[in-house]
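Q: The numbering of the sequence shown is the working numbering, which starts it at 1 and goes up by one.
Cβ coordinates follow ideal geometry from the N, Cα and C atoms, glycine included.
From a predicted model like this one, the values you see are computed outputs, not experimental measurements.
Structure incoming, see below.
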Amino acid sequence: MTHGMWIVAIGSLVGVACALVGCFLILRRLAMLGDAISHSVLPGIVIAFMLTGSRNTLPMLIGAGALGVLTAFITDALNRHGRLQSDAAIGVTFTWLFAIGVILVSLYTDYIDLDVDCVLHGEILFAPFDTWEWGGRDLGPRAFWMLAGISIINVLFVTLGYKQLKLCAFDAGLAATIGINVTLWHYVLMGLVSITTVGAFESVGAILVVAFLIVPPNAAYLLTDRLAIMILLACLIGVASAIGGYAMAYALDSSIAAAMAVVSGLCFILAALLSPSHGLLGHLLRGRRISAPDQAFDSPSPSGDALAP
Numbered sequence: 001m002t003h004g005m006w007i008v009a010i011g012s013l014v015g016v017a018c019a020l021v022g023c024f025l026i027l028r029r030l031a032m033l034g035d036a037i038s039h040s041v042l043p044g045i046v047i048a049f050m051l052t053g054s055r056n057t058l059p060m061l062i063g064a065g066a067l068g069v070l071t072a073f074i075t076d077a078l079n080r081h082g083r084l085q086s087d088a089a090i091g092v093t094f095t096w097l098f099a100i101g102v103i104l105v106s107l108y109t110d111y112i113d114l115d116v117d118c119v120l121h122g123e124i125l126f127a128p129f130d131t132w133e134w135g136g137r138d139l140g141p142r143a144f145w146m147l148a149g150i151s152i153i154n155v156l157f158v159t160l161g162y163k164q165l166k167l168c169a170f171d172a173g174l175a176a177t178i179g180i181n182v183t184l185w186h187y188v189l190m191g192l193v194s195i196t197t198v199g200a201f202e203s204v205g206a207i208l209v210v211a212f213l214i215v216p217p218n219a220a221y222l223l224t225d226r227l228a229i230m231i232l233l234a235c236l237i238g239v240a241s242a243i244g245g246y247a248m249a250y251a252l253d254s255s256i257a258a259a260m261a262v263v264s265g266l267c268f269i270l271a272a273l274l275s276p277s278h279g280l281l282g283h284l285l286r287g288r289r290i291s292a293p294d295q296a297f298d299s300p301s302p303s304g305d306a307l308a309p
């Protein structure tokens, strides 16, 4: 595969992995919790490095997953017991944890290539150069295989837990009544969001991860009322955003990750305009069809005008 094809493949895997868990964040009205987790996992990454002295993938994923679950726990506790609205609880939690992560980075990681800009922005352009070798064979970029593994885990999670996730998203009370552990499924989902986020940090950065967690699922939500189709559409929009973003970045000579995020935003705008049931144009057309008979009924007839004195 060429360098450009590897970039598109890595971006597409990010889009698929994020869409699979992002759909349930949208349905549970926890979209900004994905943003919070993407920032608050920073101290988990640094603590994992401090304990192991290594930037290997597994310790980073474990540290990020633990901090993601902690973020969800603190947010839920502040919302339930601290009398804070959910958005305020999310804002307090992720800014506090992210600030701790920034301090830890500045104190303990000066001598390695780990900084806040790397975590936030990433650079997918260089991801294909960090390859994985096995038995003397070059198997391709590490980021590709790591994101492929995360995508497979997310697919299995959504497939095997589809009924439970669906009930928890649409009616948590009913799910609890029939014996589903809503709290457990919530924290498992948050853990997977954390792992997905940190898995894409080095290659694409947190900004693109947040965009792919939120924008394609929201666009798919406007296009269908069926959960299975929504998940499929969100994955397709994520892949289309990766392909279109690479083409835009190549044409404009700009940041690839930023271009992918921009294209995902354009896909959302199109969905908001053209959705058959929820689109702006559809609402306008339906409004005109409804008002047209009323106007015809209320307007005076030509014969009436002619007979008027």
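1. Could you tell me whether the stretch 247-257 touches the stretch 53-68, using the rule of 3 or more Cβ pairs below 8 angstroms?
2. Return yes when the Cβ of valine 210 is within less than 7 angstroms of the Cβ of aspartate 35, no when it is not.
3. Quick one: Cα of glycine 140 to Cα of histidine 3, how far?
4. CB-CB under 6 angstroms to threonine 75, same chain, minus the five flanking residues each way: which ones, in chain order?
5. Taking the Cβ atom as the reference point for each residue, do leucine 13 and leucine 147 lie within a distance shorter than 7 angstroms?
6. Report the rounded CA-to-CA distance for methionine 5 versus leucine 223, giving the unit in angstroms.
7. As an exercise, report each continuous alpha helix (DSSP H) stretch of at least 4 residues that is fully enclosed by the stretch 196-276, in chain order.
8. DSSP three-state label for arginine 137, please.
9. Have a look at valine 182 and alanine 249 and give me their C-alpha separation to the nearest angstrom.
10. Are the Cβ atoms of serine 194 and glycine 68 separated by less than 7 angstroms?
11. Provide the residue span of the alpha helix (DSSP H) that contains proline 128, from first to last.
12. In the DSSP assignment, find the alpha helix (DSSP H) that holds glutamine 85 and state where it starts and stops.
13. Let me make sure I understand the geometry here. Which of Ala77, Gln164 and Ala219 has the alpha-carbon closest to that of leucine 184?
14. So, using beta-carbon positions, are tyrosine 246 and isoleucine 10 closer together than 7 angstroms?
15. With respect to the alpha helix (DSSP H) encompassing aspartate 35, which residues constitute its N-terminal and C-terminal limits?
16. For threonine 177, does the count of other Cβ atoms within 10 angstroms reach 16, so buried, or fall short, so exposed?
17. Residues in the same chain with beta-carbon distance under 8 angstroms from threonine 131, minus the five sequence neighbours each way, listed in chain order, please.
18. Any idea what DSSP makes of proline 309, helix, strand or coil?
19. Going straight from the alpha carbon of isoleucine 100 to that of phenylalanine 201, what length do you get?
20. Looking only at C-alpha atoms, which of Ser38, Cys168, Val102 and Pro128 sits nearest to alanine 72?
21. With a threshold of 16 other CB atoms inside 10 Å of the CB of alanine 257, please say whether the residue is buried or exposed.
22. Along the chain, where does the alpha helix (DSSP H) containing histidine 3 start, and where does it finish?
23. In whole angstroms, what is the alpha-carbon distance linking leucine 174 and arginine 29?
24. Distance check for leucine 25 and alanine 261, CA to CA, integer angstroms please.
25. Please determine, among Ile243, Met50, Ile124 and Phe144, the residue with the shortest C-alpha to C-alpha distance to leucine 107.
26. To which residues of the same chain is glycine 191 closer than 7 angstroms at the C-beta, ignoring the five residues directly before and after it?
27. Roughly how many angstroms separate the alpha carbons of isoleucine 153 and valine 215, rounded to a whole number?
28. For my contact list, cysteine 23 and proline 217 are in at a C-beta cut-off of 8 angstroms; report their separation, rounded to the angstrom.
29. Below 6 angstroms CB to CB, which residues in the same chain sit around leucine 213 once its five sequence neighbours on both sides are set aside?
A: On the basis of the data shown:
1. no
2. As a working mapping, residue 35 is identified with position 35 in the sequence shown. As a working mapping, residue 210 is identified with position 210 in the sequence shown. Yes.
3. Here residue 140 is taken as the residue at index 140 of the sequence shown, counted from 1. Here residue 3 is taken as the residue at index 3 of the sequence shown, counted from 1. Going by the C-alpha atoms only, they are around 10 angstroms apart.
4. Counting from one through the sequence shown, the residue named residue 75 turns up at place 75. Hits under 6 angstroms: Ala89, Ile90 and Thr93.
5. Sequence index remark: in the sequence shown, residue 13 carries index 13 (1-based). Sequence index remark: in the sequence shown, residue 147 carries index 147 (1-based). A contact, by the Cβ cut-off of 7 angstroms.
6. Counted from its first residue, the sequence shown places residue 5 at position 5. Counted from its first residue, the sequence shown places residue 223 at position 223. Computed Cα separation, rounded: 29 angstroms.
7. 227-252 and 256-274
8. Residue numbering aside, residue 137 sits at position 137 when the sequence shown is read from its first letter. Three-state result, arginine 137: strand.
9. Here residue 182 refers to the residue found at position 182 when the sequence shown is read from its first residue. Here residue 249 refers to the residue found at position 249 when the sequence shown is read from its first residue. When rounded, the distance between both Cα atoms is 42 angstroms.
10. Translated into positions along the sequence shown, residue 194 becomes position 194. Translated into positions along the sequence shown, residue 68 becomes position 68. Their beta carbons are under 7 angstroms apart, which means serine 194 touches glycine 68 by this criterion.
11. Working through the sequence shown from its first residue, we reach residue 128 at position 128. Element bounds for proline 128: n/a, residue is neither H nor E.
12. In the sequence shown, counting from the first residue as 1, residue 85 sits at position 85. Careful: glutamine 85 lies outside any alpha helix (DSSP H) and carries neither H nor E.
13. Stepping through the sequence shown from its first residue, residue 184 is reached at position 184. Per the Cα distances, Gln164.
14. To locate residue 246, count along the sequence shown from 1; it is residue 246. To locate residue 10, count along the sequence shown from 1; it is residue 10. Going by C-beta atoms, tyrosine 246 is not nearer than 7 angstroms to isoleucine 10.
15. Stepping through the sequence shown from its first residue, residue 35 is reached at position 35. Aspartate 35 -> alpha helix (DSSP H) spans 31-40.
16. Against the sequence shown, residue 177 aligns to sequence position 177. With fewer than 16 Cβ atoms within 10 Å of its Cβ, threonine 177 is classed as exposed.
17. Residue numbering aside, residue 131 sits at position 131 when the sequence shown is read from its first letter. Taken in chain order, the residues that qualify are Asp138, Leu139, Gly140, Pro141 and Arg142.
18. Counting from 1 along the sequence shown, the entry for residue 309 is found at position 309. Model confidence at proline 309 stands at a pLDDT of 40, short of 50, so the residue's coordinates are unreliable and nothing is read from them.
19. Numbered from 1 along the sequence shown, position 100 holds the residue referred to as residue 100. Numbered from 1 along the sequence shown, position 201 holds the residue referred to as residue 201. Approximately 18 angstroms between the Cα atoms of the pair.
20. By one-based count along the sequence shown, residue 72 stands at place 72. Of the listed residues, the one whose Cα sits closest to alanine 72 is Ser38.
21. As a working note, residue 257 is residue 257 in the sequence shown. With 16 or more other Cβ atoms within 10 Å, it is buried.
22. Taking the first residue of the sequence shown as position 1, residue 3 is located at position 3. Unbroken alpha helix (DSSP H) run through histidine 3: 3-27.
23. As a position in the sequence shown, residue 174 is number 174, starting the count at 1. As a position in the sequence shown, residue 29 is number 29, starting the count at 1. When rounded, the distance between both Cα atoms is 18 angstroms.
24. To locate residue 261, count along the sequence shown from 1; it is residue 261. To locate residue 25, count along the sequence shown from 1; it is residue 25. So the alpha carbons of these two residues sit roughly 18 angstroms apart.
25. Taking the sequence shown and counting its residues from 1, one reaches residue 107 at position 107. It is Met50.
26. The residue you call residue 191 lines up with position 191 of the sequence shown. Closer than 7 angstroms at the Cβ level, and outside the excluded window around glycine 191, lie Gly65, Gly68 and Val69.
27. For the purposes of this step, residue 153 is identified with residue 153 of the sequence shown, where counting begins at 1. For the purposes of this step, residue 215 is identified with residue 215 of the sequence shown, where counting begins at 1. Going by the C-alpha atoms only, they are around 21 angstroms apart.
28. To locate residue 23, count along the sequence shown from 1; it is residue 23. To locate residue 217, count along the sequence shown from 1; it is residue 217. That belief holds up - the Cβ atoms of cysteine 23 and proline 217 are roughly 4 angstroms apart, short of 8 angstroms.
29. Looking up residue 213 in the sequence shown gives position 213. Excluding residues within five positions, the ones whose Cβ falls inside 6 angstroms are Cys18, Gly22 and Gly34.
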